[in-house]
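Taking it in order: structure first as C-alpha cells, then the write-up.
In the working numbering, the protein residues as written are 4 to 67.
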C-alpha cells in the first residue's frame, strides 16, 4: 500500500507550489506597477524617436 496523498506529503507539495507561484505573480505584478508608475511622465518628455525605439525594444523582447 502506498498510502493516501496526505500521508505521502503530496498535499504539502501542492500547497507549497501554489504558494510559490502565487507569491511570484504578486511580486511580478508589484514590480510592473512600480515600473509603469512613472511611465506617463517620462513619455511626455521623450521625443518620437525615443518612444519608437522603446516600443521596438518591447516588441522584440516579447517575440523571443
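Heads up, the beta-carbon is just placed ideally off N, CA and C, and yes, glycines get one too.
(message) Once DSSP output is grouped into helix, strand and coil, what is the label at residue 12?
(response) Here residue 12 corresponds to residue number 9 of the chain shown, with the count starting at 1. In the structure shown, residue 12 sits in coil (DSSP, three-state: anything other than H, G, I, E or B).
(request) In the DSSP assignment, find the alpha helix (DSSP H) that holds residue 59 and state where it starts and stops. (result) As a first step, residue 59 is located in the chain shown; it is residue number 56 there, counting from the start. Start and end: 51-66.
(request) Give every residue of the same chain whose Cβ lies closer than 6 Å to the Cβ of residue 33, excluding the five residues on either side of it in the sequence, and list them in chain order. (result) Within the chain shown, numbered from 1, the residue matching residue 33 stands at position 30. Excluding sequence neighbours, residue 33 sits near nothing in its chain.
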